[in-house]
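Reading through the structure tokens given below for one structure.
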Amino acid sequence: MKTIVLSLGGSLIIPEEIAIDYLQQLKKTLDTLPYKFIITCGGGKICRTYQTAAKQLTNPLPEDLDWLGIAATKFNAELIRILFEQEAYEKVATNPTKKIETNKKYLIAPGWKPGNSSDLVAILLAITHKTKHVYNLTNTNGVYTADPKKDPKAKLLKTLTWTNYLKLVGTTWDPGLNTSFDPIASQKAKEHKIDVSILDGTNLKNLKQALLGQPFQGTIIN
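Structure follows, in structure tokens:
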């Protein structure tokens, strides 16, 4: 059975409160597809809340802020593992460089180490499990020429090379950085020739089309 890696943005899991209805509908959508899924989980609102509090309490090191973010992804990963019940592997995958052999339909993973986001975990899992495409589910419908909230003339890019994407987002990481795809993960994807599709994870019909290899709204970076 084909294995697909999904990077599930924390903003979809917990935008403000935990997105119960969305997560239930996501499960229903994925359950209908004839694939195995490896799903990495972002930190979402809980990550931002704790990182903001740390900055108010003291002057934390970037690494400390990353550890807070990683802790948030672990909460979210356990929640998503529970969501998929008996179809999920019984433990979250804490080391993305170690292959887990399982017949379960779902394998769930949190963040791993400081210096990047859970997007890098998705790329490392793709490398480990020998798949060449990652689907990044976020709260925007792709990569734009500029911030569409600020620039009404911003255009959605259907395809983009890794070189050009890195020109847009830069090559350095800051804790809590909010980009379509983490620049550290992007460099690793470029190195290993892994394609990434970026799409609005809340549009489940569009997501299903993308996963089935049909035309979809979003951006493919390769």
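Per our numbering, the very first residue in the sequence shown carries number 1; after that it's consecutive.
Where is the CB? At the ideal position from N, CA and C, for every residue including glycine.
THR227 versus THR219, ILE38 and ASP66, residue with shortest Cα-Cα distance: Since the first residue shown for the chain is 1 and the last is 222, residue 227 is missing from the structure and cannot be characterised.
Unbroken beta strand (DSSP E) run spanning LEU8, endpoints: What you label residue 8 is simply residue 8 of the sequence shown in a count that begins at 1. Residues 3-8.
Proximity below 7 Å, CB of PRO110 to CB of CYS41: Here residue 110 refers to the residue found at position 110 of the sequence shown. Here residue 41 refers to the residue found at position 41 of the sequence shown. Yes, they are a contact pair.
Expected contact under 8 Å - CB spacing of ASN116 and ILE13 to nearest Å: Counted from its first residue, the sequence shown places residue 116 at position 116. Counted from its first residue, the sequence shown places residue 13 at position 13. No, ASN116 and ILE13 are not in contact; Cβ-Cβ is about 19 Å, not under 8 Å.
Beta-bridge partners of LEU157, as assigned by DSSP: As a working mapping, residue 157 is identified with position 157 in the sequence shown. VAL143.
Spatial neighbours of ASP119 in its chain, beta-carbon cut-off 6 Å, leaving aside the 5 residues before and after: Counting from 1 along the sequence shown, the entry for residue 119 is found at position 119. Here the set comprises SER7, PHE181, ASP182 and ALA185.
Beta-carbon spacing of LEU211, LEU33 below 7 Å: As a working mapping, residue 211 is identified with position 211 in the sequence shown. As a working mapping, residue 33 is identified with position 33 in the sequence shown. In contact: LEU211 and LEU33 (Cβ atoms closer than 7 Å).
Buried or exposed (CB count within 10 angstroms, at least 16 for buried), ASP66: As a working note, residue 66 is residue 66 in the sequence shown. Buried, by the Cβ-count rule.
The segment 119-131 in contact with the segment 95-102 per 3-pair CB rule at 8 Å: yes
Closest by C-alpha distance to TYR106, when choosing among ILE194, LYS158, GLN86 and GLN214: Indexing the sequence shown from 1 puts residue 106 at position 106. Nearest C-alpha to TYR106: GLN86.
First through last residue of the alpha helix (DSSP H) which encompasses ILE224: Given a span of 1 to 222 for the chain in the structure shown, any question on residue 224 remains unanswerable.
Cβ of GLN187 within 7 Å of any chain D Cβ: In the displayed structure, chain D is absent; only one protein chain is listed.
Sequence-distant residues of the same chain with beta carbon closer than 8 Å to LYS199, five excluded per side: Locating residue 199 in the sequence shown gives position 199, where the first residue counts as 1. The sequence as given places Leu at residue 199; Lys does not occur at that position. Answer for LEU199: TYR135, ASN136, LEU137, THR138, ASN141, GLY142, ASN206, LEU207, ALA210, PHE216, GLN217, GLY218 and THR219, listed in chain order.
Delimiting residues of the alpha helix (DSSP H) encompassing TYR22: For this step, residue 22 is matched to residue 22 along the sequence shown. From DSSP, the alpha helix (DSSP H) with TYR22 extends over 20-31.
Rounded separation between ILE38 and SER11 - CA only: Sequence index remark: in the sequence shown, residue 38 carries index 38 (1-based). Sequence index remark: in the sequence shown, residue 11 carries index 11 (1-based). Between the C-alpha atoms of ILE38 and SER11 there is a straight-line separation of about 18 Å.
Environment of PRO96 [buried if 16+ CB atoms lie within 10 Å]: Here the question's residue 96 lines up with position 96 in the sequence shown. Looking at its Cβ environment, which holds 16 or more other Cβ atoms inside 10 Å, PRO96 is buried.
DSSP-derived helix/strand/coil call for LEU204: Stepping through the sequence shown from its first residue, residue 204 is reached at position 204. If DSSP states are grouped into helix, strand and coil, LEU204 belongs with the helices.
Sequence-distant residues of the same chain with beta carbon closer than 6 Å to ALA122, five excluded per side: Here residue 122 corresponds to residue number 122 of the sequence shown, with the count starting at 1. The residues are VAL5, SER7, THR40 and VAL134.
Cβ pair LEU23, GLN51 closer than 7 Å: Working through the sequence shown from its first residue, we reach residue 23 at position 23. Working through the sequence shown from its first residue, we reach residue 51 at position 51. Contact: no.
Closest residue to TRP162 among ILE46, GLY170 and TYR89 (Cα-Cα distance): Within the sequence shown, numbered from 1, the residue matching residue 162 stands at position 162. Ranking the options by Cα distance to TRP162, first place goes to GLY170.
Rounded C-alpha distance that separates ILE82 from ILE46: In the sequence shown, the residue the question calls residue 82 occupies position 82. In the sequence shown, the residue the question calls residue 46 occupies position 46. Rounded to whole angstroms, ILE82 to ILE46 spans 18 Å at the Cα level.
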